[in-house]
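Numbering (the numbering used here), first residue to last: 1 to 605.
Glycine residues also receive a C-beta, built at the ideal position from the N, C-alpha and C atoms.
Bear in mind the structure is a predicted one, so any value in this text is a computation, not a measurement.
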């Protein structure tokens, strides 16, 4: 456990605290670079000090005293003081590299190490997150850290030079200048946590509305068929209202930030002018008054403005990006203890379910709405389960979680009584997506891809059962070369279906894997798979798949209902809506198919 982490209060372990824990040892190891950078920055301190002090002496000791030459000399000193600070820029940027480049290199090493650990330790579980961290996010962190160091360094030494100059002119100046600076800075710092929270809320609302709009674009037919237009409009309005409320809240806090900037940048000169009579009566010279105005308008106000702008924009983004590198990847849910042998056998088939979900929750991000919400489901051997629902309701997500290609954020996934592991995937399940994979080679090699020892007579029986005989006749033989570009989408799906049929896994998941087939071919394939001893889960492209299944799971986002078609017609309004336009024609066709299957073949003459 990292020091400073409070497991009893995980909510208090904010991104800023996590980043600060990692930053402290990084900065301690580079104390020398920080001191060298500060040494070069002392020239900026001197330039700031002489800018206001030189103006004050030029007036008091020169022009107002009738000695113009002395006044011009002090102005020349204030002007020449700019030159060393310009020359110091080279040294500042050289020392800056000693702080910035190690950060980027360390972040890249961490991202690469995490990616390799994931690939070796979790059977190739490597996401695009690592690639983004190595390339894009590390550069964002590098640029943000460089900008923050430069701005913070400039503010510290500019403010120190200005405050020292004000003390040299008259300590009473600090009584007027410091209160608004301290008040504005405190007000600005107080806006950082709520602004960050409002920004996250606004981004979450924006992402939710964008995702909803994307789902709508792909679900117009389903919405029309299900008659859910009013509900869809209500959901859209609710998401739009949430986004509007988040943007208004963000705007209110942005207004507070503008007030803080005004208090820091505008109030000190105004208060100085208002207090000028009192200051002049208490020993402040006219030159000192002009010098103080020079400090406020030419040094302190720009430095404060630059710092607040940097903290409010690049600083917040820097913390978010660095937090992406500091958080450890979540461990797999219910990861089993390591086996005593590297060749541990796969879980044996028992009397229990082939696949089981227990209180499973899944969301595409830590603040996204769950797609699956505490879903429990069991699929037994020989059972045929259909999954139906509108587009975007989570059907493909369920298939991915059940197949083990996506990990839930809560609950457990079990295969044949044991927690699902990537190492067991090839021996337990086959997942066929909508876009079938076919490679260049012979038809025989494509079909035997999951079962290399399949014999020709088994392939022939499979072709007859699944409906691949027409394609086999067109190609001529099993040894015919297959060119994927010359196959239709439906033919590719048939090849993939034949491949899965030969493998006969304990769990077969068809994620719209028959969507390019005509209804008759789809029926033939599903009926063939239903005869296999394993469990069959079909993410239905047509509602007719539900009528062929033993049970049907109706999904409407995180809300689900499972039962037989008859039970669902009585208990699920969504299922009734989905089946409303389907019923007459599909019922007639299914009746004809059942009659054909029950008719014995004619006797040979």
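Asked: Let me confirm a value: residue 182 is counted as buried when at least 16 other C-beta atoms fall within 10 Å, else exposed. Which label applies?; Found: exposed
Asked: Please state if the CB of residue 209 and the CB of residue 243 are separated by a distance shorter than 8 Å.; Found: yes
Asked: Report the rounded CA-to-CA distance for residue 420 versus residue 354, giving the unit in angstroms.; Found: 11 Å
Asked: Under 6 Å Cβ to Cβ from residue 644, same chain only, skipping five residues before and after it: list those, please.; Found: Summary: the structure shown does not reach residue 644, with the chain confined to residues 1 through 605, and so no result is reported for it.
Asked: Pick from 511, 529, 247, 58: whose alpha carbon is nearest that of residue 541?; Found: 511
Asked: Let me know if residue 288 comes out buried or exposed under the rule of 16 or more other beta-carbons within 10 Å of its beta-carbon.; Found: buried
Asked: Taking the beta strand (DSSP E) that residue 511 belongs to, which residues open and close that run?; Found: 507 to 511
Asked: If we count the other Cβ atoms within 10 Å of its Cβ and call it buried at 16 or more, is residue 501 buried or exposed?; Found: buried
Asked: In this structure, how does DSSP classify residue 230 when only helix, strand and coil are distinguished?; Found: helix
Asked: Distance, Cα to Cα, residue 18 vs residue 107?; Found: 15 Å
Asked: Rounded to whole angstroms, what is the Cα-Cα separation between residue 286 and residue 307?; Found: 31 Å
Asked: With distances taken from CA atoms, which of 435, 275, 372 is nearest residue 175?; Found: 275
Asked: I need the DSSP call for residue 483, collapsed to helix, strand or coil.; Found: coil
Asked: Indicate whether residue 167 and residue 177 have their beta-carbon atoms separated by less than 8 Å.; Found: no
Asked: Scan the region 395 to 433 and note each continuous alpha helix (DSSP H) run of 4 residues or more that stays entirely inside, going in chain order.; Found: 395 to 403, 425 to 428
Asked: Measuring straight from C-alpha to C-alpha, what distance separates residue 339 and residue 423?; Found: Residue placement at residue 339 is flagged as unreliable, the pLDDT there being 37, under the threshold of 50; the coordinate-derived value follows with that caveat. Roughly 12 Å separates the two Cα atoms.
Asked: Measuring alpha carbon to alpha carbon, tell me which residue in 516, 140, 377 is nearest residue 401.; Found: 377
Asked: Under the DSSP definition of a beta bridge, which residues are partnered with residue 562?; Found: 553
Asked: Take the Cβ of residue 278 as the centre, count every other Cβ of all protein chains shown within 10 Å, and call the residue buried at 16 or more, exposed below.; Found: exposed
Asked: Does any residue of chain D have a CB that is nearer than 8 Å to the CB of residue 417?; Found: Judged by its chain identifiers, the structure shown contains no chain D, having just a single protein chain.
Asked: How many angstroms separate the CA atom of residue 281 from the CA atom of residue 271?; Found: 16 Å
Asked: Please state the DSSP three-state secondary structure of residue 453.; Found: coil
Asked: Return the CA-CA distance between residue 348 and residue 442, expressed in angstroms with no decimal places.; Found: For residue 348, the pLDDT reaches just 45, beneath the cut-off of 50, and the residue's location in the model is therefore unreliable, leaving the point undetermined.
Asked: List the endpoints of the continuous beta strand (DSSP E) containing residue 45.; Found: Unbroken run through residue 45 is the alpha helix (DSSP H), 31 to 57; no beta strand (DSSP E).
Asked: Short of 6 Å in beta carbon distance, which residues of its chain neighbour residue 491, apart from the five on each side in sequence? Order them along the chain.; Found: 471
Asked: Going straight from the alpha carbon of residue 366 to that of residue 172, what length do you get?; Found: 53 Å
Asked: Where does residue 499 land, buried or exposed, given buried means 16+ other C-beta within 10 angstroms?; Found: buried
Asked: Specify, as a first and last residue, the run of the beta strand (DSSP E) that residue 536 falls within.; Found: 535 to 539
Asked: In three-state terms, what does DSSP make of residue 435?; Found: coil
Asked: Taking DSSP as the reference, what is the three-state secondary structure of residue 371?; Found: coil
Asked: Which stretch, first to last residue, makes up the alpha helix (DSSP H) that contains residue 300?; Found: Taken as a continuous stretch (DSSP letters only), residue 300 belongs to no alpha helix (DSSP H), as it is neither H nor E.
Asked: Taking the continuous beta strand (DSSP E) assigned at residue 354, which residues delimit it?; Found: That residue, residue 354, is in no beta strand (DSSP E); it is neither H nor E in DSSP.
Asked: Give me the DSSP bridge partner(s) of residue 158.; Found: Its beta-bridge partners do not exist; DSSP assigns none.
Asked: Measure the Cβ-Cβ separation of residue 162 and residue 201 and say whether it is below 8 Å.; Found: no
Asked: Please state the DSSP three-state secondary structure of residue 345.; Found: In this prediction, residue 345 has a pLDDT of 43, which is less than 50 and means its spatial position is unreliable; what the coordinates show is noted afterwards. Note: residue 345 maps to coil in three-state DSSP.
Asked: Need the endpoints of the beta strand (DSSP E) that residue 385 sits in, please.; Found: 384 to 388
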